[in-house]
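Protein chains in written order, with the working numbering: chain S, 1 to 470; chain D, 471 to 610. All residues carry an ideal CB built from backbone N, CA and C; glycine is no exception. Working notes for the structure below.
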């Protein structure tokens with residue numbers, strides 16, 4: 001909380017407190033005033049009825065003042081209305097007291113009520129204490145029977161009233177200030193705690209996501225290794241099998257040629273569709289070879305993709321990882337989606353291939369999600385001298401303005417809980433930053449979205465990505 | 471596991487080759503593919519391969535890297551002590567592992583081929599190793 005905010009909040013807090021106090025003090029006077037009728041009947045029976053309209057009138061004015069205070073918007077208005085209310089009450093009491101014989105009793109009674117109604121509030125009480133002193137000064141020369149005993153007792157009464165008022169006001173103000181600062185400190189501590197919890201949650205989520213990525217990398221590396229042996233066997237068994245088959249066919253041909261009269265042999269060969277088998281086996285062998293080649297390519301792409309089994313930095317062209325990632329994605333594209341790639345060989349830079357391929361995969365997956373079943377995605381890699389630029393452009397609906405500010409925040413997703421964790425772009429941005437670069441949305445592009453990853457080419461820009469950086 | 475003797479009737483002597491892999495299917499494959507090119511002894515346990523090396527000499531060994539009792543690198547290092555003139559070719563799926571690369575770089579094995587290998591590249595590598603070893607022996 002800044003100093004300016006602090007003062008503003010403190011002023012507002014004082015205003016709210018004063019308004020409440022002034023309103024309660026005014027209402028107390030309003031409630032008590034009609035009951036003075038019984039006080040008047042006891043002390044001045046012949047004047048009591050003529051005093052009643054003054055007292056009810058003053059109470060009604062007091063009620064209007066309380067209403068005005070409740071609706072007041074500024075401190076000045078609250079103080080003016082309260083002062084007016086205290087003065088009109090004092091004026092009425094003064095007028096009536098001057099007509100009465102028991103002025104001392106009236107004065108003490110009035111001041112007790114006034115004091116009781118306001119002593120526990122801050123500034124109305126201050127005014128009331130001053131008013132008591134003023135009232136006494138007015139009434140003393142007006143004929144108060146002022147013997148030394150009376151003066152001492154009235155003086156002691158006034159001094160004690162003033163002391164109680166002033167101490168009460170001081171204590172109250174101090175308590176208010178301490179409570180205010182305590183609540184400010186509490187709010188600040190609460191904010192800090194909430195921030196810590198948020199950061200902890202983000203860090204935890206990033207760790208989990210990074211661990212998931214590492215686990216996926218390990219799994220793919222293991223899978224890649226497991227594919228090696230069977231692929232080696234299948235690939236290398238085709239040729240011997242083909243040889244065996246050719247040998248058997250050759251022997252069979254020789255047997256048929258040597259025994260033209262062997263009807264059973266010729267019939268058996270015809271029954272077994274030997275001519276079809278001879279023609280088809282070549283195609284079968286070729287198709288196994290082609291399948292092996294395809295598996296080998298997929299496998300090679302997987303290997304390139306998960307070179308991030310480790311997060312160590314290496315110096316090479318990151319476009320190779322992009323190409324492997326694109327090939328992996330290209331195999332599962334919906335029929336209506338066209339993927340155009342334009343990435344010439346780029347200069348070698350220091351980077352962690354695995355995490356960086358994860359960035360490519362995240363940006364590509366976002367583009368795929370944006371276009372849905374039909375659309376166009378363009379991926380472009382360029383050497384811009386001091387940095388490499390990778391742009392992912394899609395023909396989707398673009399990024400709404402409301403989403404812009406939260407684009408790279410953890411847990412922010414527009415995809416729904418089923419398909420988006422809201423961590424893809426956040427982690428991608430972290431990986432980009434660990435390479436000394438960053439991902440940005442090209443605001444000038446439309447109507448689809450264009451995300452641009454920029455990586456500096458200078459040596460030493462990239463640091464090993466641990467996945468745990470906050 | 472020793473295959474039946476299929477030595478060629480010609481006078482050409484095939485390289486005496488020790489093949490060590492814990493996967494029997496892989497051993498059968500090696501035998502199937504190279505039966506006309508190499509004079510092979512197939513062993514599925516590296517410790518047994520070491521025991522065999524104490525008794526017999528070979529021109530070259532084709533070895534796997536990942537094996538339960540002893541990995542290919544340790545086998546090559548111990549085997550080289552027993553048979554210093556022998557060539558070592560590692561066939562591995564773990565060509566990307568730093569220790570395997572380091573082993574190849576430091577000369578603990580003569581060469582390394584990544585799986586999936588094919589017949590021609592293995593034979594070419596075997597010929598190269600034997601030629602280099604023969605040259606080295608002459609030069610020694």
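Checklist entry - What is the rounded straight-line gap between the Cα of residue 403(S) and the Cα of residue 441(S)? => result Taking the first chain and counting its residues from 1, the one referred to as residue 403(S) is at position 403. Taking the first chain and counting its residues from 1, the one referred to as residue 441(S) is at position 441. About 11 Å.
Next on the checklist: Under 7 Å, CB to CB, which of the residues in the segment 215 to 235 of chain S have a partner in chain D?
Outcome noted: 225, 228, 229, 231, 232, 233, 235
Item to check | Neighbour-count burial assignment, residue 23(S), 16 or more Cβ in a 10 Å radius | outcome: Position 23 of the first chain holds residue 23(S). Buried, because 16 or more other Cβ atoms sit within 10 Å of the Cβ of residue 23(S).
Next on the checklist: Whole angstroms are fine: how far does the CA of residue 350(S) sit from the CA of residue 455(S)?
Outcome noted: As a first step, residue 455(S) must be located in the first chain, where it is residue number 455. As a first step, residue 350(S) must be located in the first chain, where it is residue number 350. Cα to Cα, residue 455(S) sits roughly 10 Å from residue 350(S).
Checklist entry - Where residue 526(D) and residue 510(D) are concerned, what is the direct C-alpha to C-alpha distance, given to the nearest angstrom? => result Taking the second chain and counting its residues from 1, one reaches residue 526(D) at position 56. Taking the second chain and counting its residues from 1, one reaches residue 510(D) at position 40. Per the coordinates, the alpha-carbon of residue 526(D) lies some 12 Å from the alpha-carbon of residue 510(D).
Item to check | 8 Å Cβ cutoff met for residue 51(S) and residue 109(S) | outcome: Against the first chain, residue 51(S) aligns to sequence position 51. Against the first chain, residue 109(S) aligns to sequence position 109. Not in contact: residue 51(S) and residue 109(S) (Cβ atoms no closer than 8 Å).
Checklist entry - Are the Cβ atoms of residue 327(S) and residue 369(S) separated by less than 8 Å? => result The residue you call residue 327(S) lines up with position 327 of the first chain. The residue you call residue 369(S) lines up with position 369 of the first chain. Using a Cβ distance threshold of 8 Å, residue 327(S) and residue 369(S) do not count as a contacting pair.
Checklist entry - From residue 531(D) to residue 374(S), what does the alpha carbon distance come to, in whole angstroms? => result The residue given as residue 531(D) occupies position 61 in the second chain. The residue given as residue 374(S) occupies position 374 in the first chain. One C-alpha to the other measures close to 55 Å.
Next on the checklist: Looking only at its chain, what residues have a beta carbon closer than 7 Å to the beta carbon of residue 256(S), apart from the 5 residues adjacent to it on each side?
Outcome noted: On the first chain, residue 256(S) is found 256 positions in, with the first residue counted as 1. Around residue 256(S): 265, 266, 269.
Item to check | Cβ separation of residue 228(S) and residue 538(D), assumed to be a contact under 8 Å, to the nearest whole Å | outcome: Start at 1 with the first residue of the first chain, and residue 228(S) comes out as number 228. Start at 1 with the first residue of the second chain, and residue 538(D) comes out as number 68. About 17 Å; that fails the 8 Å criterion.
Checklist entry - Residues in the segment 480 to 507 of chain D with C-beta within 7 Å of chain S's C-beta atoms, listed in sequence order? => result 493, 495, 496, 499, 502, 503
Item to check | residue 36(S) - DSSP class collapsed to helix/strand/coil | outcome: Residue mapping note: residue 36(S) aligns to position 36 of the first chain, counting from 1. Note: residue 36(S) maps to helix in three-state DSSP.
Checklist entry - Okay, do the segment 90 to 107 of chain S and the segment 74 to 81 of chain S touch, 3+ Cβ pairs below 8 Å being the bar? => result no
Next on the checklist: So that I know if they touch, is there some Cβ in chain S lying closer than 8 Å to that of residue 587(D)?
Outcome noted: Locating residue 587(D) in the second chain gives position 117, counting from the first residue. Chain S contact via Cβ: present.
Checklist entry - Applying a beta-carbon distance threshold of less than 9 Å, which residues of chain S neighbour residue 563(D)? => result Here residue 563(D) refers to the residue found at position 93 of the second chain. Ordered by position in chain S, the residues that pass the 9 Å Cβ test against residue 563(D) are 224, 225, 226, 227, 228, 229, 232.
Checklist entry - In the structure shown, what three-state DSSP assignment does residue 535(D) receive? => result Start at 1 with the first residue of the second chain, and residue 535(D) comes out as number 65. In the structure shown, residue 535(D) sits in coil (DSSP, three-state: anything other than H, G, I, E or B).
Checklist entry - Mind checking if residue 400(S) is an interface residue toward chain D, Cβ cutoff 8 Å exclusive? => result Residue mapping note: residue 400(S) aligns to position 400 of the first chain, counting from 1. The beta-carbon of residue 400(S) is placed no less than 8 Å from the nearest beta-carbon of chain D.
Checklist entry - What residues in its chain sit with their C-beta under 7 Å from that of residue 595(D), if we drop five residues either side in the sequence? => result Here residue 595(D) refers to the residue found at position 125 of the second chain. Beyond the five residues adjoining it in sequence on each side, residue 595(D) comes within less than 7 Å, by CB distance, of 559, 581, 583 in the same chain, given in chain order.
Checklist entry - Buried or exposed: where does residue 106(S) fall if 16 or more other Cβ atoms within 10 Å of its Cβ makes it buried? => result One-based indexing of the first chain puts residue 106(S) at position 106. Buried: at least 16 other Cβ atoms inside 10 Å.
Item to check | 8 Å Cβ shell around residue 20(S) - same chain, five flanking residues per side excluded | outcome: To locate residue 20(S), count along the first chain from 1; it is residue 20. Hits under 8 Å: none found.
Item to check | Top-ranked residue by Cα proximity to residue 576(D), from 592(D), 588(D), 497(D), 546(D) | outcome: The residue labelled residue 576(D) in the question sits at position 106 within the second chain. Taking only the C-alpha atoms, the option nearest residue 576(D) is 546(D).
Next on the checklist: Nearest by alpha-carbon distance to residue 316(S): which of 449(S), 352(S), 71(S), 218(S) is it?
Outcome noted: The residue you call residue 316(S) lines up with position 316 of the first chain. Residue 316(S) has its Cα closest to that of 352(S), out of 449(S), 352(S), 71(S), 218(S).
Checklist entry - By DSSP, does residue 576(D) sit in helix, in strand, or in coil? => result Indexing the second chain from 1 puts residue 576(D) at position 106. Of the three classes helix, strand and coil, the one that applies to residue 576(D) here is coil, per DSSP.
Checklist entry - Closest to residue 449(S) by CA distance: which of 82(S), 284(S), 377(S) is it? => result Taking the first residue of the first chain as position 1, residue 449(S) is located at position 449. The residue with the shortest Cα to Cα distance from residue 449(S) is 377(S).
Item to check | Partners in chain D for residue 475(S), counting only beta-carbon separations shorter than 9 Å | outcome: Nothing can be reported for residue 475(S), as the shown portion of chain S is limited to 1 through 470.
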